[in-house]
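Colleague: Residue numbers are given in numbering that gives the first Met the number 0: position 24 of the sequence shown equals residue 23, and the series is strictly consecutive.
Before I ask anything, here is the structure I am working with.
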Amino acid sequence: MKAILVLNTHAGASRDNDAPSPEDLRHAFAQLGVSLAVFEVNGLGLDEALRNAIARRPDAVLVGGGDGTVSAAARQLAGTRLPLGPLPLGTLNHFVRDLGLPDNWREAARVLVSARPRHVDLAEVNGHIFVNNCSLGSYGEAVRRRDKLRRERGHGKWRAMALASWHVFRRLRRFPFRIETPEGVVTIRSPFVVVANNRYSGQIFDASLRPRLDSGRLALYAARVHTRWSVLRLIAQGLTRKLDEPEDLDVRDATRATITAASSTLPVACDGEVVTLTAPLQFRILPGALRVLAPPPADA
Numbered sequence: 000m001k002a003i004l005v006l007n008t009h010a011g012a013s014r015d016n017d018a019p020s021p022e023d024l025r026h027a028f029a030q031l032g033v034s035l036a037v038f039e040v041n042g043l044g045l046d047e048a049l050r051n052a053i054a055r056r057p058d059a060v061l062v063g064g065g066d067g068t069v070s071a072a073a074r075q076l077a078g079t080r081l082p083l084g085p086l087p088l089g090t091l092n093h094f095v096r097d098l099g100l101p102d103n104w105r106e107a108a109r110v111l112v113s114a115r116p117r118h119v120d121l122a123e124v125n126g127h128i129f130v131n132n133c134s135l136g137s138y139g140e141a142v143r144r145r146d147k148l149r150r151e152r153g154h155g156k157w158r159a160m161a162l163a164s165w166h167v168f169r170r171l172r173r174f175p176f177r178i179e180t181p182e183g184v185v186t187i188r189s190p191f192v193v194v195a196n197n198r199y200s201g202q203i204f205d206a207s208l209r210p211r212l213d214s215g216r217l218a219l220y221a222a223r224v225h226t227r228w229s230v231l232r233l234i235a236q237g238l239t240r241k242l243d244e245p246e247d248l249d250v251r252d253a254t255r256a257t258i259t260a261a262s263s264t265l266p267v268a269c270d271g272e273v274v275t276l277t278a279p280l281q282f283r284i285l286p287g288a289l290r291v292l293a294p295p296p297a298d299a
């Protein structure tokens, strides 16, 4: 097996002291019978490195980084026959965990080498592909403020996000949303709406939060909260129940959705990164659009 690994050295775990070097990665995969070429990027040049990797037509394209890195790779590989193999070298690694891969990169490498490719869904908003979710409203505001704190004050990612979240919580803005799906239209004033690639139905501390990534459905979540106290109650419910069960959460599934708000400059974050999109926001599911190296779903 010949593979190319695009390693994002700017990703969360890749900046740790015990992060693997390109030589560590080549050696580990060589022991598994894989000839591995490593392309290093520092966040910038990621798309170009991925295009170069795909052009060489390896047996698989691997990526080392977090959900943002995986999302960038998915956008390049969507609709192709090349399988994607993600290594957990980011901060949270949600997509890797939902695929059923181990958190440890060495263990994940062993699983990737032995796994048979399978198809999973992707989601899209106004032509922008994402692998996890797209958040509108308060979370998008928090991510935008987080990035500003990191740029201007040099805060770490966790500290910046905590400060940004506290700022957003104190203000508690409620946005007017109009959500249209094939099943009907709903209007709601809410701090946030989240559109996910498949449903989140696990508990917050589960290893995997999405039991399947191939249901061919979007999941839409909107908070029905009016005060800071009701936000705290929603958070408490989210810690003690499954993620799609809190009483103050409106949950619905659809294959496509159109979302509009009063402001055309609504903060939007896809896979944890702020993106610039023009309203209305047109969401759709892309069934089986991505081939991945991963174990079969738990309920397969």
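For each residue, glycine too, the CB sits at the ideal point set by N, CA and C.
I believe Ser-189 touches Arg-223 by the beta-carbon criterion, under 8 Å. Please report the beta-carbon distance rounded to the nearest angstrom.
Modeller: Position 190 of the sequence shown, counting from 1, holds the residue named residue 189. Position 224 of the sequence shown, counting from 1, holds the residue named residue 223. Yes, Ser-189 and Arg-223 are in contact; Cβ-Cβ is about 7 Å, under 8 Å.
Colleague: Find out if the Cβ-Cβ distance for the pair Leu-217, Ile-284 is shorter than 8 Å.
Modeller: On the sequence shown, position 218 is the one that residue 217 refers to. On the sequence shown, position 285 is the one that residue 284 refers to. Yes. Within cutoff.
Colleague: Taking only the alpha-carbon atoms, compute the straight-line gap between Pro-57 and Leu-35 and give it to the nearest angstrom.
Modeller: On the sequence shown, residue 57 is found 58 positions in, with the first residue counted as 1. On the sequence shown, residue 35 is found 36 positions in, with the first residue counted as 1. About 10 Å.
Colleague: Count the other CB atoms within 10 Å of the CB of Met-160; is the residue buried (16 or more) or exposed (fewer)?
Modeller: In the sequence shown, residue 160 corresponds to position 161, counting from 1. It is buried - the Cβ of Met-160 has at least 16 other Cβ atoms within 10 Å.
Colleague: Taking its Cβ as the centre, do 16 or more other Cβ atoms sit within 10 Å of Thr-226, making it buried, or is it exposed?
Modeller: The count along the sequence shown starts at 1 and reaches residue 226 at position 227. Exposed, since its Cβ has fewer than 16 Cβ neighbours within 10 Å.
Colleague: Can you give the Cα-Cα distance for Arg-144 and Thr-254, rounded to whole angstroms?
Modeller: Indexing the sequence shown from 1 puts residue 144 at position 145. Indexing the sequence shown from 1 puts residue 254 at position 255. Taking the straight line from one Cα to the other gives about 31 Å.
Colleague: What is the DSSP secondary structure of Arg-14, reduced to helix, strand or coil?
Modeller: Indexing the sequence shown from 1 puts residue 14 at position 15. At Arg-14 the pLDDT is 49, less than 50, meaning the model places this residue with poor confidence and gives no usable figure here.
Colleague: Near Arg-14, which residues of its chain fall below 8 Å by C-beta distance, leaving aside the five closest residues on each side in sequence?
Modeller: Here residue 14 corresponds to residue number 15 of the sequence shown, with the count starting at 1. The pLDDT assigned to Arg-14 is 49, lower than 50, so where the model puts this residue is not dependable, and the model offers no usable value.
Colleague: According to DSSP, what are the bridge partners of Arg-302?
Modeller: Here the chain covers residues 0 to 299 and nothing more, so residue 302 does not appear.
Colleague: Could you check where the beta strand (DSSP E) with Leu-86 kicks off and where it finishes?
Modeller: Position 87 of the sequence shown holds residue 86. Residues 83-87.
Colleague: Just curious, the beta strand (DSSP E) that Ala-288 is in, first and last residue?
Modeller: In the sequence shown, counting from the first residue as 1, residue 288 sits at position 289. 280-292 is the extent of the beta strand (DSSP E) around Ala-288.
Colleague: Could you give the DSSP three-state label for Leu-4: helix, strand or coil?
Modeller: Within the sequence shown, residue 4 is the residue found at index 5, counting from 1. Reduced to three states, the DSSP call for Leu-4 is strand.
Colleague: Among Leu-81, Glu-22, Thr-68 and Asp-23, whose alpha-carbon lies nearest the alpha-carbon of Met-0?
Modeller: Along the sequence shown, read from residue 1 onward, the residue named residue 0 stands at position 1. For Met-0, the nearest C-alpha among the options comes from Leu-81.
Colleague: Check for me: the alpha helix (DSSP H) holding His-26 runs from which residue to which?
Modeller: If you number the sequence shown from 1, residue 26 lands on position 27. That run of the alpha helix (DSSP H) goes 21-30.
Colleague: From what residue to what residue does the alpha helix (DSSP H) around Arg-172 run?
Modeller: Translated into positions along the sequence shown, residue 172 becomes position 173. Per DSSP, Arg-172 belongs to no alpha helix (DSSP H) and is neither H nor E.
Colleague: What three-state label does DSSP hand Leu-148 in the structure shown?
Modeller: Locating residue 148 in the sequence shown gives position 149, where the first residue counts as 1. Here Leu-148 sits in helix by DSSP.
Colleague: Apply the 10 Å Cβ neighbour rule to Asn-16 and answer buried if 16 or more other Cβ atoms are within range, or exposed otherwise.
Modeller: Translated into the one-based positions of the sequence shown, residue 16 becomes position 17. Its pLDDT being 49, under 50, Asn-16 is placed unreliably in this model, and the value from its coordinates should be taken loosely. So Asn-16 counts as exposed.
Colleague: Would you call the CB atoms of Leu-6 and Gly-84 closer than 8 Å?
Modeller: Locating residue 6 in the sequence shown gives position 7, where the first residue counts as 1. Locating residue 84 in the sequence shown gives position 85, where the first residue counts as 1. Cβ distance not < 8 Å, so Leu-6 and Gly-84 don't count as in contact.
Colleague: Can you name, in chain order, every residue of its own chain whose Cβ lies under 6 Å from the Cβ of Arg-177, other than the five neighbours on each side?
Modeller: Translated into the one-based positions of the sequence shown, residue 177 becomes position 178. So the qualifying residues of the chain are Thr-186 and Thr-259.
Colleague: Leaving out five residues on either side along the sequence, give the residues of the same chain with a beta carbon under 8 Å from the beta carbon of Ala-77.
Modeller: For this step, residue 77 is matched to residue 78 along the sequence shown. Answer for Ala-77: Leu-121, Ile-128, Leu-285, Ala-288 and Leu-289, listed in chain order.
Colleague: For Tyr-220, which beta-bridge partners are listed by DSSP?
Modeller: Numbered from its first residue, the sequence shown carries residue 220 at position 221. The partner list for Tyr-220 (beta bridge, DSSP) reads Val-193 and Val-250.
Colleague: Take the Cβ of Asp-66 as the centre, count every other Cβ of all protein chains shown within 10 Å, and call the residue buried at 16 or more, exposed below.
Modeller: Working through the sequence shown from its first residue, we reach residue 66 at position 67. With 16 or more other Cβ atoms within 10 Å, it is buried.
Colleague: Any chance the segment 265-273 sits against the segment 133-153, with 3 or more Cβ pairs inside 8 Å?
Modeller: yes
Colleague: Can you tell me where the alpha helix (DSSP H) with Thr-68 in it begins and where it stops?
Modeller: In the sequence shown, the residue the question calls residue 68 occupies position 69. Here the alpha helix (DSSP H) through Thr-68 covers 66-76.
Colleague: Which residue or residues does DSSP assign as beta-bridge partners of Phe-38?
Modeller: For the purposes of this step, residue 38 is taken as the residue at position 39 of the sequence shown. Val-5, per the DSSP bridge assignment.
Colleague: Taking the alpha carbon of Ala-195 as the point to measure from, which residue in Ser-134, Arg-172 and Arg-150 has its own alpha carbon closest?
Modeller: Taking the sequence shown and counting its residues from 1, one reaches residue 195 at position 196. The shortest Cα separation from Ala-195 among Ser-134, Arg-172 and Arg-150 belongs to Ser-134.
Colleague: Does the distance from the CB of Ala-293 to the CB of Leu-171 come in under 8 Å?
Modeller: Locating residue 293 in the sequence shown gives position 294, where the first residue counts as 1. Locating residue 171 in the sequence shown gives position 172, where the first residue counts as 1. No.
Colleague: Could you tell me which uninterrupted alpha helix (DSSP H) segments, each at least 4 residues in length, are contained entirely in the segment 96-158, listed from first to last along the chain?
Modeller: 104-113 and 137-152
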